[in-house]
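Asks: Handing you this structure, nothing more for now.
Chains as they are written, first to last, in our numbering: chain A, 74 to 540; chain B, 53 to 472.
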């Protein structure tokens, strides 16, 4: 239906374009006046007026139609005597009614369902018809308005440009809308979660095992139940595991990345730089699922074998394997950023150091790096934020159980792993377990936001210093 | 310490420092090599499959259709008895257990393959033909040398009897390797020898196309606004900060966004390329806007001023002159953004693309998988055959990424103007 409407609007707009163009041209010839814009702009003007209001209306309508119909149908079903206790039952009944309407329902039919299905069909019809009528109304109104305008010989080009500028502005607003969407969707479920679990119990609890969390009735939780729930949603082991793996990753990535960045900026000939830089950056372009596969199937078992041969028990999902591979993934982020940063240290600083007799490495260690330090720290922080938000490597190579450990040979879990574990497969939407994933997402979002903000500030400040 | 000794020490420190740099670059390069080598050595065998040559006799007694039967009749007909008969004839088995083990050497789709041969030529009743039937995954792995033979029997998936059959077949040159058409044409399957990336390829294709259609225009328009028209005020600053932050938000957060807004609120269908495309578009948008803005910024002001000087409006100067000049940079930024989106896994897992989908999706609103998600799914499977399939899928994924990146580099180098 919507496709047909869009197609009709497109055809209508196209014909209006040619109409507007020829109409204004003939007006200018007949009445012998000079047009205030080229004829094609009058065509564009009509097209914009015809398409934008109707398409916006169609979009808004399509977003809200299902929601409104659903609430009306559930209400009528309830009025007819259907027993609806909570949201899940309401959803179930709505799905049944929809299935009956589509003819794909094969369960038992009672009068309530039948009646509701009939009224569902009625509402769908009503909504579709009124949608069509309204859209054509809008098109006719806006076309009449714009036709009147072009007959009065308006400044069509200026008008078109104003409308297009509005369109440009709206596209740049999508970034804000996305941010708002993220914050809204994370907060919405998190608030529900924190209304059940006290936020301090969540932040300082030392036990994470959401699979144990069963709540019979989320609206009335007894104290004993709460004690048990509280014990299932403790954030400490997750942040510990996450930072531990990130720390191992940094332990690998910072020295390798920094030294390669320094070498490429200060020592390498342009030929070597030209070859090695893109190859190292390949590491950043490889999908993380590939690293995860490599860590889980090659590196993990390899470490376990080595451990066995020297008498150590190494988990095949050790934090070491995940951290090491994550570190390798992060090398290019650190190396290219620090390369850039070091390159923008003014040559005069180096020349001054050489002039008093320092060697090249002494100059780098004592002059260039201290000068570039804010930028380097910024790049490391960006890398840390990437490490804690990284998902696939840890989902595939790190463990699932939350252990509070600092032994890199044991398995630990991370925030992102838990989000995936909780949300994979079917899940009921109103349980604390599902909501906890959003609370974890919110925590992750806030943590990376802070890290990025500090890092960007640091890099920017550094840039300003030498610009 | 004398002066000479000190100097010597300083110079050796210099050499050491230099060595650290070379060493770390080498470590990074070495790792690229190890990774690529590991994947390619594991995966390249997946493009071939093992087939066993058998003689099929379309026995009129075992089948209820006749020569020249219509396609519909053949499709409905039961080829099970013929299949069993054919498979049992390939080696003398003494008892029921042995017969079962013999049948297990072949793929579970043997019946379909025999039926397919009949579909191609429906005059075969009462005739004998030689047919190459796909082997089971265990034999496939054994034949490719990925399966250790020297394990004790109770730890092997292949029994001693099956090994004996295999050796006889090899001796009689009945076992061959063919191009693995299943790998490219089939959807997912529980049997490694039948599993393919057809569904994932189509799913990825739809998702990326939707992502491109949504993200590219919006990103170009937004960057034109921010670079050329936006007044310097708080709103513009806020939008800029937002875009920079969004580019660094972990991808899994976009998965949560899609779950809450697209699936729970708007109720788009789960596990579909449509939802995947929208999610990836939201994620890719800031990552495209940043290079787009950079390439718009690189166009020198003289171009704009020249256009304005001969009477163009601001819009005409931007759309007729600046945007076309920035196009190579814009396009290459978009392609690199799409390459990242193609390899993205975590948000797609959250929107349910991990569902087990056998059918190849025909529209973007059919349940489907995508290449990276298929890698994740298969890497979780225990069967040995899936390791090879996973590596091969990674090879496909990496080659797409390499091609996309090459196009991006080519566009930039060939068409971008250098302004001095």
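Positions of the beta carbon are idealized from the N, C-alpha and C atoms, including for glycine.
Source: prediction; values computed, not measured.
So, does the CB of residue 142 of chain B fall closer than 8 Å to a CB anywhere in chain A?
Replies: no
Asks: If you draw a straight line from the alpha carbon of residue 250 of chain B to that of residue 455 of chain A, how long is it in whole angstroms?
Replies: 37 Å
Asks: Measure the CB-CB distance between residue 531 of chain A and residue 447 of chain A and report whether it falls below 8 Å.
Replies: Closer than 8 Å, so yes.
Asks: Under 8 Å, do residue 273 of chain B and residue 131 of chain A count as touching if we go by C-beta distance?
Replies: no
Asks: Give a yes or no on whether 8 Å exceeds the smallest Cβ distance from residue 181 of chain A to chain B.
Replies: no
Asks: Using a Cβ cut-off of 8 Å (strictly closer), state whether residue 382 of chain B contacts chain A.
Replies: Against chain A, the CB of residue 382 of chain B has no partner CB under 8 Å away; the residue lies outside that interface.
Asks: With DSSP as the reference, label residue 281 of chain A as helix, strand or coil.
Replies: strand
Asks: On the DSSP bridge list, what partners appear for residue 258 of chain A?
Replies: Under DSSP, residue 258 of chain A shares a beta bridge with no residue.
Asks: What does the Cβ neighbour count give for residue 440 of chain B, buried or exposed, with the cut at 16 atoms within 10 Å?
Replies: buried
Asks: In the DSSP assignment, the beta strand (DSSP E) including residue 229 of chain B goes from what residue to what residue?
Replies: 227-231
Asks: Confirm, please, whether the CB-CB distance from residue 475 of chain A to residue 282 of chain A is below 8 Å.
Replies: Residue 282 of chain A places its beta carbon less than 8 Å from that of residue 475 of chain A.
Asks: Tell me which residues share the same chain as residue 109 of chain A and place their Cβ nearer than 6 Å to its Cβ, disregarding the 5 neighbours each side in the sequence.
Replies: 226, 228
Asks: From the beta carbon of residue 376 of chain B, is the nearest beta carbon of chain A less than 8 Å away?
Replies: Using a CB distance cut-off of 8 Å, residue 376 of chain B does not count as an interface residue toward chain A.
Asks: Taking buried to mean at least 16 other C-beta atoms within 10 Å of its own C-beta, is residue 53 of chain B buried or exposed?
Replies: exposed
Asks: Fully enclosed by the stretch 140-214 of chain B, which beta strand (DSSP E) runs are 3 residues long or longer?
Replies: Entirely contained in the stretch 140-214 of chain B, the beta strand (DSSP E) runs reaching 3 residues are, in chain order, 180-186.
Asks: Hey, is residue 424 of chain B's beta-carbon within less than 8 Å of any beta-carbon in chain C?
Replies: In the displayed structure, chain C is absent; the protein chains listed are A and B.
Asks: In the stretch 352-427 of chain B, which residue ranges form an unbroken alpha helix (DSSP H) of at least 4 residues, counting only runs that do not cross its ends?
Replies: 353-361, 366-369, 375-394, 398-402
Asks: Return yes when the C-beta of residue 155 of chain A is under 7 Å from any heavy atom of the ligand GTP, and no when it is not.
Replies: The ligand GTP is absent from the structure shown, which contains no ligands of any kind.
Asks: What would DSSP say about residue 109 of chain A, mapped onto helix, strand or coil?
Replies: Looking at residue 109 of chain A - three-state DSSP - the assignment turns out to be coil, as it is neither helix nor strand.
Asks: Give me the residue from B:100, B:66, B:464 with the minimum Cα distance to residue 245 of chain B.
Replies: B:100
Asks: Here's the rule I'm using: 16 or more other beta-carbon atoms within 10 Å means buried, otherwise exposed. How should residue 424 of chain B be labelled?
Replies: In the assembly as shown, residue 424 of chain B is a buried residue. Its beta-carbon has 16 or more other beta-carbons within 10 Å.
Asks: In three-state DSSP terms, what is residue 179 of chain A?
Replies: The three-state secondary structure of residue 179 of chain A, taken from DSSP, is coil.
Asks: In this structure, does DSSP put residue 100 of chain B in helix, strand or coil?
Replies: strand
Asks: Just to confirm the assignment, what range does the alpha helix (DSSP H) spanning residue 508 of chain A have?
Replies: 505-539
Asks: Using beta-carbon positions only, say whether residue 368 of chain A and residue 398 of chain A come within less than 8 Å of one another.
Replies: Yes.
Asks: State the DSSP-derived secondary structure class of residue 105 of chain B, mapped to helix, strand or coil.
Replies: Three-state result, residue 105 of chain B: strand.
Asks: Hey, which unbroken runs of the beta strand (DSSP E) at 3 residues or more fall wholly within the stretch 104-138 of chain B?
Replies: none
Asks: With a 10 Å radius around its C-beta and 16 neighbouring C-beta atoms as the bar for buried, classify residue 233 of chain A as buried or exposed.
Replies: Per the 10 Å Cβ criterion, buried.
Asks: Leaving out the 5 sequence neighbours to the left and right, which residues in its chain are closer than 6 Å to residue 468 of chain A when beta-carbon positions are compared?
Replies: If we look at residue 468 of chain A and ignore the five residues flanking it on each side, its Cβ neighbours are 490, 493.
Asks: Any residues in the stretch 257-268 of chain A with a beta carbon nearer than 9 Å to a beta carbon of chain B? Which ones, in chain order?
Replies: 257, 258, 259, 261, 262
Asks: Run through the stretch 311-347 of chain A for me and flag every whole alpha helix (DSSP H) of 4 or more residues, listed as ranges in chain order.
Replies: none
Asks: Take the Cβ of residue 467 of chain B as the centre, count every other Cβ of all protein chains shown within 10 Å, and call the residue buried at 16 or more, exposed below.
Replies: exposed
Asks: Do we get a CB-CB distance below 8 Å when we pair residue 252 of chain B with the residues of chain A?
Replies: no
Asks: How big is the Cα-Cα spacing for residue 87 of chain B and residue 329 of chain A?
Replies: Note on geometry: alpha-carbon atoms of residue 87 of chain B and residue 329 of chain A lie some 17 Å from one another.
Asks: Does any C-beta atom of chain A lie closer than 8 Å to the C-beta of residue 301 of chain B?
Replies: yes
Asks: Determine the direct distance from the alpha carbon of residue 268 of chain A to that of residue 295 of chain A, and round the result to whole angstroms.
Replies: 14 Å
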